[in-house]
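Numbering (the numbering used here), first residue to last: 526 to 642.
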């Protein structure tokens, strides 16, 4: 059952990538318009790379934070289910850990936004 879902996701990914490659020539410029626009876009090309990098950085930071906080929450619920008398201590440790992860996340977001300009 699990291999079907993996193959389904892989198939969707390959089809999406193929469609992206097929659609790319539709955005190509021709002739004089390309020459006029080339000089203006030459300076913007470096900015586009920086924008892409900072966007990728923000995405990775948020994915990491979501996974970390989700794992903390799941582990805390499991621990409280095993030892209900320790719920207060577990919740305190969970909140401190989540706050540290969120602090690192906000720092990463601010750094990525500063690179964005």
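Just so you know, even glycine gets a beta-carbon here, dropped at the ideal spot from N, CA and C.
Terminal residues of the continuous alpha helix (DSSP H) containing residue i?
i: residue 616; result: 612 to 641
Does the Cβ of residue i have 16 or more other Cβ atoms within 10 Å, making it buried, or fewer, making it exposed?
i: residue 534; result: exposed
Report yes if the CB atom of residue i is closer than 8 Å to the CB atom of residue j, and no otherwise.
i: residue 641; j: residue 579; result: yes
i: residue 583; j: residue 637; result: yes
Starting from the Cα of residue i, find the closest Cα among the options and give me that residue.
i: residue 617; options: 628, 531, 597 and 547; result: 597
i: residue 587; options: 605, 622, 577 and 634; result: 634
i: residue 625; options: 585, 540, 589 and 548; result: 589
i: residue 632; options: 531, 612 and 585; result: 585
i: residue 591; options: 547, 540 and 623; result: 623
i: residue 639; options: 528, 545, 538 and 575; result: 575
Rounded to whole angstroms, how far is the Cβ of residue i from the Cβ of residue j, which I believe are closer than 8 Å?
i: residue 604; j: residue 594; result: Contact doesn't hold; Cβ gap of about 16 Å is too wide.
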